[in-house]
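Per the working numbering, the sequence shown starts with residue 9, numbered consecutively. All C-beta atoms in this analysis are idealised placements derived from N, C-alpha and C, irrespective of residue type, glycine included. Since we're looking at a predicted model, the values are computed, not measured.
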Amino acid sequence: MKTKFSPATLLAALIAVGSFAASASNAQTHSPVEKTKPCFQCNATGEMKCPGAGCKDGQADCPAPCIKLRTGVWKKHPELNRPDPSETMQDTTVSGHRIQVSSHHEGVYYVWANGAAEMKTCPTCNGTTRVQCKTCAGKGTVKCEICEGKKIVPESWTAFDCPRMRNRPTRYKLKDGRELLGRKISAIGSSLRIRTEAGDVNLDTADIVSEEK
Ligand SMILES: [Zn+2]
Ligand SMILES: [Zn+2]
Ligand SMILES: [Zn+2]
C-alpha cells in the first residue's frame with residue numbers, strides 16, 4: 009500500500025515547522041543571560057570598607073582645628089615635672105601668644121581671654137576629635153564599587169581587570185606582534201617590569217610599539 013499524506017497532515021506538519029521557527033527566532037531576540045559569579049571584590053557581601061578620608065568604623069577626623077594627638081609634633085618635657093610621665097606637649101600659638109598644650113586635652117581649642125589661654129571644648133566633635141564620616145554616614149562600609157551591591161559580577165570579570173576598575177591595565181603592543189595586558193610596576197632606565205595576569209614580564213621601552221589604556 010502506497011503511503012499518502014492527506015493535505016490536512018501536510019498542513020499540520022507545516023504549521024509545526026512554522027511555529028518551531030517562530031519560537032526559535034523569538035528566543036534569539038532575547039540576549040543570552042550572562043553567566044555570573046560571586047563578586048571577587050567584596051566576597052559577595054555587596055559592601056566594601058568606606059574609602060572616606062580617615063574613616064574608621066564610620067568615624068572620621070574632626071575637620072575643626074581642635075587639638076589632636078594625630079596631628080602636630082608632641083614632645084615630652086620632663087623639666088615641667090608633670091604628674092603623668094607619659095604626658096606630651098605641643099607648641100602652638102593663640103592670638104599671637106605662644107603656649108604649650110597638653111596631650112591630656114584632646115578635642116579642645118584655645119582662645120585668648122583676660123591675658124590667658126582659655127580652653128574650650130570643640131563644638132564640632134564635642135571634644136571627641138572624631139565626627140561621623142560623610143561618605144558612609146557612619147556605617148563604615150559603602151556599596152561595593154565593583155558589583156554595585158549586587159554581590160555578583162559577570163563571569164569574565166576578574167580581580168586583574170574589569171570595566172569598573174579605576175586603574176585598569178594597559179594594553180602594550182610589542183614589536184614582535186605580541187600584545188600584553190598589564191600594569192607597569194617598575195621602570196629603571198628603559199627596562200620595565202609589567203605585571204600581567206599570568207605573572208611579571210620584563211620589557212624594554214624599545215620593544216613597545218604602542219600602549220593604550
Ligand atoms: Zn573637633
Ligand atoms: Zn566612612
Ligand atoms: Zn562586590
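Could you give the residue range of the beta strand (DSSP E) that holds residue i?
i	result
Thr129	124-129
Ala46	The question names Ala, but residue 46 is Pro in the sequence shown. From DSSP, the beta strand (DSSP E) with Pro46 extends over 44-46.
Arg203	199-204
Gly207	207-212
Ile102	Note on residue identity: the sequence assigns Val, not Ile, to residue 102. Val102 -> beta strand (DSSP E) spans 97-102.
Leu77	Taken as a continuous stretch (DSSP letters only), Leu77 belongs to no beta strand (DSSP E), as it is neither H nor E.
Glu156	Looking at the DSSP string, Glu156 is not in any beta strand (DSSP E), and its letter there is neither H nor E.
His105	105-110
Thr178	178-182
Val116	116-121
Gln67	67-69
Met173	Per DSSP, Met173 belongs to no beta strand (DSSP E) and is neither H nor E.
Can you round the beta-carbon distance between residue i and residue j to whole angstroms, since I take them to be within the 8 Å contact cut?
i	j	result
Thr178	Ser198	In fact, because the Cβ distance is near 17 Å, the residues do not count as touching under 8 Å.
Closer than 6 Å by C-beta to residue i: which residues in its own chain qualify, once you throw out the five before and the five after it? Chain order, please.
i	result
Ala261	Residue coverage of the chain in this structure runs from 9 to 221, which leaves residue 261 outside it and unanswerable.
Gly135	Gly115, Thr129
Ser194	Arg201
Ser218	Lys181
Return yes when the C-beta of residue i is under 7 Å from any heavy atom of ligand 3, and no when it is not.
i	result
Cys47	yes
Cys144	no
Looking only at its own chain, which residues have a Cβ that is under 7 Å from the Cβ of residue i, when we skip the five neighbours before and after it?
i	result
Thr149	Glu55, Met56, Lys57, Cys58
Val65	Before going further, note that residue 65 is Asp rather than Val in the sequence given. If we look at Asp65 and ignore the five residues flanking it on each side, its Cβ neighbours are Gly148.
Pro73	Tyr117
Quick check: is any heavy atom of ligand 2 less than 7 Å from the C-beta of residue i?
i	result
Gly66	yes
Gly185	no
Gly157	no
Gly148	yes
Expressed to the nearest angstrom, what Euclidean distance is found between the alpha-carbon atoms of residue i and residue j?
i	j	result
Asp99	Cys141	29 Å
Cys152	Lys76	31 Å
Met173	Val102	47 Å
Arg186	Gly62	43 Å
Phe28	Val41	With a pLDDT of 43 at Phe28, under the threshold of 50, the predicted position of this residue should be treated as unreliable, though the coordinate-derived value follows. Spanning the two alpha carbons is a distance of roughly 21 Å.
Gly157	Thr53	8 Å
Ile107	Thr132	23 Å
Asn89	Met127	21 Å
Thr79	Lys221	39 Å
Thr37	Thr143	The predicted position of Thr37 is uncertain, since its pLDDT is 45 and thus under 50; no value can be drawn from it.
Trp82	Met97	5 Å
Cys155	Lys45	10 Å
Excluding the 5 residues preceding and the 5 following residue i in the sequence, name in chain order all residues of the same chain whose CB lies nearer than 8 Å to its CB.
i	result
Lys43	Pro162, Glu163
His105	Trp120, Ala125
Arg191	Asn175, Pro177, Thr178, Ile202, Arg203
Using a Cβ-based criterion (distance less than 7 Å to any ligand heavy atom), does residue i qualify as near ligand 1?
i	result
Ala247	In the structure as shown, the chain begins at 9 and stops at 221. Residue 247 is therefore absent and cannot be evaluated.
Cys50	no
With a threshold of 7 Å (Cβ to nearest heavy atom), would residue i be considered close to ligand 4?
i	result
Thr79	You won't find ligand 4 in this model; what it holds is ligand 1, ligand 2 and ligand 3.
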